[in-house]
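A.B. asks: When we follow our numbering, the leftmost residue of the sequence shown carries the number 28, and every step to the right adds one. Dropping the structure in here first, questions after.
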Amino acid sequence: MLNQILEKFGINALNYQIEEFGSGLINSTWKISGEKNYILQRINTDVFKQPEVIALNLSQLQTYLNNKYPDYLFVAPLLAVNGSSLAVNEDGIFRMFPFVDNSTSINSVTNYKQAYEAAKQFGKFTFLLKDFNAAELRDTIPSFHDLTLRYREFENACLNTTATRLEQAKWTISEINRHNDILSTYEELKNSGKLLVRVIHHDAKINNVLFDGNWNGICLIDLDTVMAGYFISDIGDMLRTYLSPANEDETDLSKIVVDEQCFDAIYNGYLSEMGTELTSFEKEHFIYAGKFMIYMQAIRFLADYLNGDVYYHTTYAGQNLNRANNQLTLLNQLIKLEDKIRLTNHSSIKE
Ligand code: ADP
Ligand code: GN1
Ligand code: MG
């Protein structure tokens, strides 16, 4: 099946090696190695219902960035022989990217430089696009980071799940309810109009940044959810995935700890690019951003567990419930340390 797709991009599969690659939870990814190297992806069309919208957004961004910042590495999809970046066969919808040679990605942070550099990359992306009209981008997943909607989906999942899953998730559900002030704060912030609408990546996980051998950030990848949004989405996902050396799949909850120095690295890395662009109101909500994204991710994993594991790729039964518990543990750890983080280095952060 992949051979036929490669042919559509003018590549003869006989001269290349194909291997599964990466650890994303949504799309399927292969590395194609040969004279040149490529990344081939099958788009999960249950999640991205209009792949052509992604292609359109990326092509607008590519044109803008290539004109204004020709040295910026924007990893855009390649065009197939027929001129489209999407190639279709009976197995699905695919696209190809040039493989960024001599790059690595990681699933958890092992040193502060990685956190600083990754945060700098996400900051740089939003900074370079500060004069691009975010409203020109179409939503690839409508209401993607709308916590109000995610909370409603979770409530519906509670009503429609099986008695067994509801019982298994008892602690998790009570923790979600205990922390629902995070939802009220989100609604207040949204209604205040003080969070600016910017071009946001919306999936600022550590494995969506490519590094060189010295842990310098090279570029961002996984641009499917680049849309108009709030900075709390990207800062929040960075805090969610860099603050603890244990990632979202860790089941030994005692390994989930929040590293304050890592917080500083994310703060300084992001502000090294966005420092002049973020308003003081936005800066005041830097820690809230972490709580917002960790809480939303816990809700999304839990809702998927209650719905019968239909969204996130899983490798064992109960994995989504474990992931939700992991995220709630991380949330509790961040809340425990937030006053200390403010007092030591960040007195300007209010929420
Ligand atoms: P997913 O949406 O499933 O997370 P990604 O686009 O993040 O998929 O790709 C999965 C992995 O493949 C990444 O974490 C990275 O290791 C690798 N990868 C993706 N694109 C490239 C690229 N252009 N060059 C090198 N590696 C890449
Ligand atoms: C998904 O595709 P991937 O693995 O980078 C998800 C993110 C979640 C993340 C949790 C489109 O990202 O929103 O934060 O899993 N992407 C989509 O690991 O739902
Ligand atoms: Mg990814």
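In this text, a Cβ means the ideal position worked out from N, Cα and C, and glycines have one as well. Quick caveat, the model's predicted, so the values are computed rather than measured.
Per DSSP, what kind of secondary structure is R122 in: helix, strand or coil?
C.D. replies: strand
A.B. asks: Run the CB neighbour count on A340, radius 10 Å, all protein chains shown included, and call it buried at 16 or more, exposed below.
C.D. replies: In the sequence as displayed, the identity of residue 340 is His instead of Ala. Flag for H340 reads exposed.
A.B. asks: Beta-carbon of F313 versus every beta-carbon of chain B: anything under 8 Å?
C.D. replies: Absent from the structure is chain B; it holds one protein chain and no more.
A.B. asks: Please output, in chain order, the residues near the ligand MG using a CB cut-off of less than 7 Å to any non-hydrogen atom of the ligand.
C.D. replies: G49, G51, D230, K232, N234, N235, I248, D249
A.B. asks: Under 8 Å: do the stretch 150-158 and the stretch 210-230 share three or more Cβ pairs, one atom per stretch?
C.D. replies: yes
A.B. asks: Specify the secondary structure class of Q346 as computed by DSSP and reduced to three states.
C.D. replies: helix
A.B. asks: How about I70: is its Cβ closer than 7 Å to a heavy atom in the ligand GN1?
C.D. replies: no
A.B. asks: Just the Cα atoms here: how many angstroms apart are N204 and R177?
C.D. replies: 13 Å
A.B. asks: In whole angstroms, what is the alpha-carbon distance linking L106 and K217?
C.D. replies: 38 Å
A.B. asks: For A161, I'd like the list of residues in its chain whose CB is within less than 7 Å of its CB, leaving aside the five on either flank, ordered along the chain.
C.D. replies: V224, R225, V226, A255
A.B. asks: Output needed for T252: all residues of its chain with C-beta closer than 8 Å, excluding positions within five of it in sequence on either side, in chain order.
C.D. replies: Closer than 8 Å at Cβ, skipping near neighbours: T167, I168, F171, H228, H229, D230.
A.B. asks: Rank I321, P78, L361, V127 by C-alpha distance to the C-alpha of N54 and give the top, closest one.
C.D. replies: P78
A.B. asks: So, is Y99 buried or exposed, given that buried needs 16 or more other C-beta atoms within 10 angstroms?
C.D. replies: exposed
A.B. asks: So, at 6 Å on beta carbons, what are the nonlocal neighbours of K197 in its own chain, with the 5 sequence-adjacent residues on each side left out?
C.D. replies: Excluding sequence neighbours, K197 sits near nothing in its chain.
A.B. asks: Hey, which unbroken runs of the beta strand (DSSP E) at 3 residues or more fall wholly within the stretch 127-191?
C.D. replies: none
A.B. asks: Could you check if Q324 belongs to the surroundings of the ligand GN1, using beta carbon to heavy atom distance under 7 Å?
C.D. replies: yes
A.B. asks: Just mark D249 as buried or exposed, buried being the case when its beta carbon has 16 or more other beta carbons within 10 Å.
C.D. replies: buried
A.B. asks: Is the closest heavy atom of the ligand ADP to the C-beta of P97 under 7 Å?
C.D. replies: no
A.B. asks: Between the beta-carbon of S132 and the beta-carbon of L237, is there less than 8 Å?
C.D. replies: yes
A.B. asks: Is it true that the CB of R192 sits closer than 8 Å to the CB of L83?
C.D. replies: no
A.B. asks: Check whether the stretch 107-122 and the stretch 30-39 touch, using three or more Cβ-Cβ pairs below 8 Å as the test.
C.D. replies: yes
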